[in-house]
Amino acid sequence: MYKIRTYNTISVKGLNRFSREDYEVASELPHPDAFLIRSQKLHDMEFPETLKAIGRAGAGVNNVPLERCIEQGIVVFNAPGANANAVKELVLAGMLLGSRDIYAGMKFVESLDQQDGLDPLLEKEKKRFAGTELIGKTLGVVGLGNIGSLVANMGLALGMKVIGYDPAISVEAAWRLSSDVEKMDNLNSLFGRADYISLHLPVLDATRGLVSDNLLSGVKPSLVLLNFARGEIVDNSAIVRALDDGRMHRYVSDFPANDTLRHPGILQMPHIGASTGEAEENCAIMVADQLMDFLENGNIANSVNFPNIALPRTTPVRVTITNRNVPKVLNQITAIIAEHDINIVDMLNKSRADLAYNIIDLEACPTDDSLDALRSIEEVINVRVLGSCQYR
Ligand SMILES: NC(=O)C1=CN([C@@H]2O[C@H](COP(=O)(O)OP(=O)(O)OC[C@H]3O[C@@H](n4cnc5c(N)ncnc54)[C@H](O)[C@@H]3O)[C@@H](O)[C@H]2O)C=CC1
Ligand SMILES: O=C(O)C(=O)COP(=O)(O)O
């Protein structure tokens, strides 16, 4: 029986992927094989020894200590693209909220009491809530991955001119992107030209505080900056300064913070970019399927720290081995298996940065001694046996 410990609200459709016969799934579960999470912060958590995988039902993995997971051989999965449309649609709402004074106008209407002469009052006051249109304006998209490419294409469909910046765009994302999106060589040029800028990059050491006084020094006063990526990418004090000095128009953010609350130029939502039934379902299903294939077959798809790898099962007994990616480990592994007279039927080895991962299908169960020998190889991080083998 595999044990999945859940954090946050995970869609039932995803949870139902785990069969009741083979899986126990609950929020309070000792000795879990895997965590299934959304935005739960794991940096300060000591992981149980039984933990083999973490499934992030979403895109951003800044809440997971990836380096520690690499050291401990824990595979971290996410759900690339599964919530991208939900974010794209909220960006559209954000652009409209930033260009038309919808929020202030609605607050004004809510403040009214029933009265005679309501119509003339509305007609008199509506000039306070006039705005501008999106058509013909320039949208700058920073980060052209799953979400950014959808947002860029949406901008074109709205009749906007779209410019984009992504120093590490993937081939897949580049294919998705319309050739009408103008590629910018640097962020300063993008910030200098755009009327709307939407951020769709991950928070990393290199992107923390990226939107700073420096970048905001050359923006248009009409600028609406949209942050549905992560709060840490933006220096809030620089935003407040730019708004207070009239150097930009609005900041629309999915990441409220104490220093941005109640600022009239800042429109904030409680991190709801991915909070649609569809996105929650897509993410949970994708990650549940990935966790099951990993726990049952050792295959890895959409990992953010391990190589992606899949080998069709050729025998009932499969061993997976994670090791540090240095020379001669594979030799030692196959030598130990051969010394114990076990036939290898099929195998696959892949590496990613400092990690290597092996899937080995065997003709018979490995003995206790052979497993002890494999685990004692200095560079081996973990060894799993998948199949109904009995051990002491
Ligand atoms: N508000 C919300 O609820 C949600 C927020 N997010 C956030 O949005 C981020 C992006 O999500 P996806 O598009 O799905 O990820 P993705 O991985 O498909 O795309 C991210 C893109 O950013 C690019 N990038 C990396 N560093 C960059 C830099 N310095 N400048 C410009 N581009 C850079 C990458 O090359 C990649 O193409 C996530 O990391 C997450 O933090 C994602 C989903 C929901
Ligand atoms: O997928 C992401 O990166 C998100 O920010 C969505 O977070 P959530 O799953 O809604 O807590």
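Okay, so the sequence shown: first residue is 1 according to full-length UniProt numbering, each after it adds one. In this text, a Cβ means the ideal position worked out from N, Cα and C, and glycines have one as well. Quantities reported herein were computed from a predicted structural model and do not represent experimental measurements.
I239 to I163 span [Cα, whole Å]: Along the sequence shown, read from residue 1 onward, the residue named residue 239 stands at position 239. Along the sequence shown, read from residue 1 onward, the residue named residue 163 stands at position 163. So the alpha carbons of these two residues sit roughly 22 Å apart.
Buried or exposed: which applies to V211, given that a residue is buried once 16 or more other Cβ atoms fall within 10 Å of its Cβ? Here the question's residue 211 lines up with position 211 in the sequence shown. By the neighbour-count rule (16 or more Cβ atoms within 10 Å), V211 is buried.
Which of the three DSSP states is assigned to S212 in this structure? As a position in the sequence shown, residue 212 is number 212, starting the count at 1. In the structure shown, S212 sits in coil (DSSP, three-state: anything other than H, G, I, E or B).
At a cut-off of 7 Å, is R43 close to ligand 2 when judged by its beta-carbon and the heavy atoms of the ligand? By 1-based counting over the sequence shown, the position of residue 43 is 43. Arg is not the amino acid found at residue 43; the sequence shown has His there. No - ligand 2 has no heavy atom lying nearer than 7 Å to the Cβ of H43.
Could you tell me how far apart the beta carbons of L226 and L199 are, in whole angstroms, since I believe they sit closer than 8 Å? Taking the first residue of the sequence shown as 1, we reach residue 226 at position 226. Taking the first residue of the sequence shown as 1, we reach residue 199 at position 199. Confirmed, Cβ separation roughly 7 Å.
Considering only the alpha carbon of each residue, which of I197, L90, L112, M106 lies closest to G143? The residue given as residue 143 occupies position 143 in the sequence shown. G143 has its Cα closest to that of I197, out of I197, L90, L112, M106.
List, from N- to C-terminal side, the alpha helix (DSSP H) runs of 4 residues or more that fit wholly inside the stretch 333–392. 368–375
Return yes when at least one heavy atom of ligand 2 lies under 7 Å from the C-beta of R208, else no. On the sequence shown, position 208 is the one that residue 208 refers to. No, ligand 2 has no heavy atom inside 7 Å of this Cβ.
For K161, report the span of its beta strand (DSSP E) as first-last. By 1-based counting over the sequence shown, the position of residue 161 is 161. Unbroken beta strand (DSSP E) run through K161: 161–165.
C-alpha distance - A373 paired with E278, whole-angstrom precision: As a position in the sequence shown, residue 373 is number 373, starting the count at 1. As a position in the sequence shown, residue 278 is number 278, starting the count at 1. Each residue's Cα considered, the two are about 47 Å apart.
Can you give the Cα-Cα distance for L223 and G246, rounded to whole angstroms? The sequence position of residue 223 within the sequence shown is 223, counting from 1. The sequence position of residue 246 within the sequence shown is 246, counting from 1. Using only the alpha carbons, I get a separation of about 10 Å.
In this structure, does DSSP put Y23 in helix, strand or coil? Start at 1 with the first residue of the sequence shown, and residue 23 comes out as number 23. Correct three-state label for Y23: strand.
R375 to Q72, Cα distance in whole Å? As a working mapping, residue 375 is identified with position 375 in the sequence shown. As a working mapping, residue 72 is identified with position 72 in the sequence shown. Distance between the alpha carbons of R375 and Q72: 14 Å.
Between which two residues does the beta strand (DSSP E) carrying A53 extend? What you label residue 53 is simply residue 53 of the sequence shown in a count that begins at 1. A53 -> beta strand (DSSP E) spans 53–56.
Taking 7 Å as the limit between beta carbons, can you name the residues of its chain near E21, skipping five residues before and five after? By one-based count along the sequence shown, residue 21 stands at place 21. Excluding sequence neighbours, E21 sits near nothing in its chain.
DSSP three-state label for K137, please. Taking the sequence shown and counting its residues from 1, the one referred to as residue 137 is at position 137. In the structure shown, K137 sits in coil (DSSP, three-state: anything other than H, G, I, E or B).
Hey, quick one: how far does the alpha helix (DSSP H) through N227 stretch, first residue to last? For the purposes of this step, residue 227 is taken as the residue at position 227 of the sequence shown. Element bounds for N227: not the alpha helix (DSSP H) but the beta strand (DSSP E), 224–227.
Which of the three DSSP states, helix, strand or coil, is assigned to K3? Counting from one through the sequence shown, the residue named residue 3 turns up at place 3. Strand at K3.
Do N236 and D259 have their beta-carbon atoms positioned less than 8 Å apart in this structure? Stepping through the sequence shown from its first residue, residue 259 is reached at position 259. Stepping through the sequence shown from its first residue, residue 236 is reached at position 236. Yes, they are a contact pair.
Who pairs with R77 in a beta bridge, going by DSSP? Counted from its first residue, the sequence shown places residue 77 at position 77. Looking at the sequence itself, residue 77 is Phe, so the reference to Arg does not match. According to DSSP, F77 bridges with G55, S303.
Going straight from the alpha carbon of D119 to that of H271, what length do you get? Here residue 119 refers to the residue found at position 119 when the sequence shown is read from its first residue. Here residue 271 refers to the residue found at position 271 when the sequence shown is read from its first residue. Those two C-alpha atoms are separated by around 36 Å.
If you measure from each residue's Cβ to the nearest non-hydrogen atom of ligand 2, which ones come out under 5 Å, in chain order? R38, S39, G58, A59, G60, A274
Would you report the Cα separation of L96 and L90, rounded to the nearest angstrom? Indexing the sequence shown from 1 puts residue 96 at position 96. Indexing the sequence shown from 1 puts residue 90 at position 90. Going by the C-alpha atoms only, they are around 10 Å apart.
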